[in-house]
Amino acid sequence: MKQDKKAVKIGIVGAGPAGLTTALALEAYAPNVDFDIILFDKNETPYDYPGVEYGIQERACRALERIGIKERALHRGVRAHTIEFYNSRLNRRFQPINSNPEYTRCVVRQEFLSDLSDLISTTTVKMQHKVVDIAALADGSVQVETIDHVNKRDQFIFDIFIACDGSFSTARRLFYPESAEKIDQGFSCMYMLVEPKNPLDASERFLNLSNGGTSQLIMGTKSTLTLFPLGKNRLAYGIGFDHHTKQALWAQNNLQNDEKWAEIPAFTKRNIAASLVEDACPHDSTYLEALDHVDDWDSYKIYLWRMKDTDPLLNPSPENCNLLLIGDAAHAILPTIGMGASLAIEDAELVGKQIANALEKYPNPDDIRTHFKEIIAKPYAKSRVPIWKDLVGRARLAARENFIDQANKKRFAIGPAIPNSQLSKVVSGVESVMRKLTWY
Ligand SMILES: Cc1cc2nc3c(=O)[nH]c(=O)nc-3n(C[C@H](O)[C@H](O)[C@H](O)COP(=O)(O)OP(=O)(O)OC[C@H]3O[C@@H](n4cnc5c(N)ncnc54)[C@H](O)[C@@H]3O)c2cc1C
1 MKQDKKAVKI GIVGAGPAGL TTALALEAYA PNVDFDIILF DKNETPYDYP
51 GVEYGIQERA CRALERIGIK ERALHRGVRA HTIEFYNSRL NRRFQPINSN
101 PEYTRCVVRQ EFLSDLSDLI STTTVKMQHK VVDIAALADG SVQVETIDHV
151 NKRDQFIFDI FIACDGSFST ARRLFYPESA EKIDQGFSCM YMLVEPKNPL
201 DASERFLNLS NGGTSQLIMG TKSTLTLFPL GKNRLAYGIG FDHHTKQALW
251 AQNNLQNDEK WAEIPAFTKR NIAASLVEDA CPHDSTYLEA LDHVDDWDSY
301 KIYLWRMKDT DPLLNPSPEN CNLLLIGDAA HAILPTIGMG ASLAIEDAEL
351 VGKQIANALE KYPNPDDIRT HFKEIIAKPY AKSRVPIWKD LVGRARLAAR
401 ENFIDQANKK RFAIGPAIPN SQLSKVVSGV ESVMRKLTWY
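For the sequence shown, the residue numbers in the working numbering are 1 to 440.
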């Protein structure tokens, strides 16, 4: 029977992959612990987010498996087995990367988050609650202020607070203002969820691309395309191009360089996309055909991101405060190696496990508050920060090599699919030697 006055209070902000997995991991690893978990998100549903696709890599599949929800969380995902690399300027195909389809899935972000949300059982989820302030109290507990959709303010006090509020993190802005500003990495990407209204209008090749397990990276002279199958005849289609190309294209289309995507006329968006696709795939009409299946260029499913990231936090738990930042809040990572959601999920499963283990030793709120730094935050940072640094660095390398100054590139950066930290280190070493030998 739950004794409310003794329950450990855990707060989480952000119902993205990191926040939802943290709640699910706590529920799975500490089913008998007397605690109250509250999860806040400013949005109404997972659909209020302009994302398209997640690659759920092996590290995330394994984490979901450890908490017993892998198949229930990923049942709508496509099993992915191959990533192909093609440079159309050189007419050269590179060695594909193969992955285990049991442990590599492509999912639609909104569907995946909705499936994760459905698995939550004991956590109290407060949607439309924006966290506007977080402050440390004298005993280390965390005071959180929220504002809801009718502008009602509320205050909560937690023994432990996990910030999973993504790359625009309020926690990061409040506690790490010096490193909260995102860093422009020199390119933009147009992301689209392409879905033919009537599959009979789509070519067999398009349907094979969207329903098979093969992803593709195709590099031209000005742009690089990324294609990920999403099943049900849907394709995640990305078009990446550097700032120099953007400036020229925007000028050709009589647009100001800082013109907002939402304000660009639909036919101009399509023209820009078509010219970049023709650059990357001049000999294959399937990639242009995909653009014909976009029926609304002003939809939230078609958007443009200027690619930015942050340096990973070296100490993700601020002094004198039982707050821990994980996922994009601690390390906004470029999508160039498709690792952002996977890393966030792995972060979350591990934090859930660490808190559950600590609660076995210190089930009392006063004790867990006192020992938070020593048995949760410090060991967590020690194990995670090296992985964050490695993967953020790898994503930056993939950005430089695959998405910038394409006309001068001879190969692709290795490593969109890195299953674990050991292999990741090996691949980093190989890449570093290759760079020194100027094979790039
Ligand atoms: C264009 C683009 C493409 C990407 N493609 C991929 C990909 O192919 N594969 C991949 O793995 N990753 C990809 N990523 C990265 C991926 O989106 C993130 O790494 C991942 O979503 C991080 O998860 P998270 O839970 O840490 O944060 P988020 O998913 O950003 O979730 C943060 C949540 O916090 C909520 N929130 C924020 N502030 C507040 C607040 N103050 N109060 C209450 N709630 C708040 C938000 O509403 C949101 O629900 C891409 C990112 C971008 C920008």
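Beta carbons are placed, not taken as given, at the ideal position from N, Cα and C, and that holds for glycine. Every value quoted in this text rests on a predicted model; they were computed, and no experiment measured them.
Where does residue 118 land, buried or exposed, given buried means 16+ other C-beta within 10 angstroms?
-> exposed
Can you tell me whether residue 191 is helix, strand or coil according to DSSP? strand
Less than 9 Å between the beta carbons of residue 60 and residue 325, yes or no?
no
query: In whole angstroms, what is the alpha-carbon distance linking residue 270 and residue 251?
result: 15 Å
Quiz item: Do you know offhand how far residue 268's Cα is from residue 297's?
Solution: 9 Å
With a threshold of 8 Å (Cβ to nearest heavy atom), would residue 129 be considered close to ligand 1? yes
Practice problem: Can you grab the Cα-Cα spacing for the pair residue 180 / residue 172, in whole Å? | Solution: 6 Å
Next on the checklist: Is it buried or exposed, residue 418, if we count other Cβ atoms within 10 angstroms and call 16 or more buried?
Outcome noted: At residue 418, the pLDDT of 48 sits below 50, so the modelled position is not reliable; the number obtained from the coordinates is stated separately. Label assigned to residue 418: buried.
* Figure out for me which residue from 200, 329 and 7 has the closest Cα to the Cα of residue 311. => 329
- Query: For ligand 1, is there a heavy atom less than 8 Å away from the beta-carbon of residue 328?
  - Reply: yes
>> Below 8 Å, is the gap between the Cβ of residue 223 and the nearest heavy atom of ligand 1?
In response: no
Quick one: what's got a C-beta closer than 8 Å to residue 278's C-beta in the same chain, skipping five residues either side? 288
- Bounding residues of the alpha helix (DSSP H) (the contiguous stretch that carries residue 71): 70-74
Residue 61 lies in the beta strand (DSSP E); which residues open and close that run?
From DSSP, residue 61 is part of no beta strand (DSSP E) but of the alpha helix (DSSP H) over 58-66.
Fill in: Between the CA atoms of residue 29 and residue 235 - distance to the nearest angstrom
36 Å
Review point. Can residue 9 and residue 175 be called in contact, C-beta distance under 9 Å?
Key: no
Quiz item: Hey, how far is the Cα of residue 319 from the Cα of residue 207?
Solution: 53 Å
Item checked: With 16 other Cβ atoms within 10 Å as the buried cut-off, status of residue 91 -> exposed
Discussion item. If you measure between the beta carbons of residue 20 and residue 348, is that distance less than 9 Å?
Written reply: yes
Discussion item. Within a Cβ cutoff of 6 Å, which residues of the same chain sit near residue 293, ignoring the five residues on either side of it in sequence?
Written reply: 194 and 196
Quick check: is any heavy atom of ligand 1 less than 8 Å from the C-beta of residue 57? yes
task = Please state whether DSSP places residue 94 in a helix, a strand or coil.
result = strand
>> Let me check one thing: in DSSP terms, what residues is residue 53 bridge-paired to?
In response: 108
Practice item. Quick one: residues in its chain with C-beta nearer than 8 Å to the C-beta of residue 259, no 5 flanking neighbours on either side, listed in chain order? Key: 250
Requested in this report: Specify, as a first and last residue, the run of the alpha helix (DSSP H) that residue 150 falls within.
Outcome: From DSSP, residue 150 is part of no alpha helix (DSSP H); its letter is neither H nor E.
I'd like the span of the alpha helix (DSSP H) that includes residue 18, first residue to last. 17-29
Just list the residues that DSSP pairs residue 136 with in beta bridges. 142
| Along the chain, which unbroken stretches of the beta strand (DSSP E) at least 3 residues long are found entirely within the segment 215-295? | 223-231 and 234-242
- Message: Measuring straight from C-alpha to C-alpha, what distance separates residue 407 and residue 273?
- Response: 18 Å
Closer than 6 Å by C-beta to residue 245: which residues in its own chain qualify, once you throw out the five before and the five after it? Chain order, please. 222
Notebook entry, point to check: For the putative contact between residue 217 and residue 402, defined by C-beta atoms under 8 Å, what is the C-beta separation to the nearest angstrom?
Noted result: 7 Å
Residue(s) in a DSSP beta bridge with residue 297: According to DSSP, which records beta bridges pairwise, residue 297 is partnered with nothing at all.
Using the rule of at least 16 other Cβ atoms within 10 Å of the residue's Cβ for burial, across every protein chain shown, is residue 18 buried or exposed?
buried
- Message: Suppose contacts are defined by Cβ-Cβ distances below 9 Å. Is residue 214 in contact with residue 83 by that definition?
- Response: yes
**Q.** Member of 177, 257, 358 and 15 whose CA lies at the smallest distance from the CA of residue 48
**A.** 15
(Q) My output table needs one value for residue 41: the three-state DSSP class, helix, strand or coil. (A) strand
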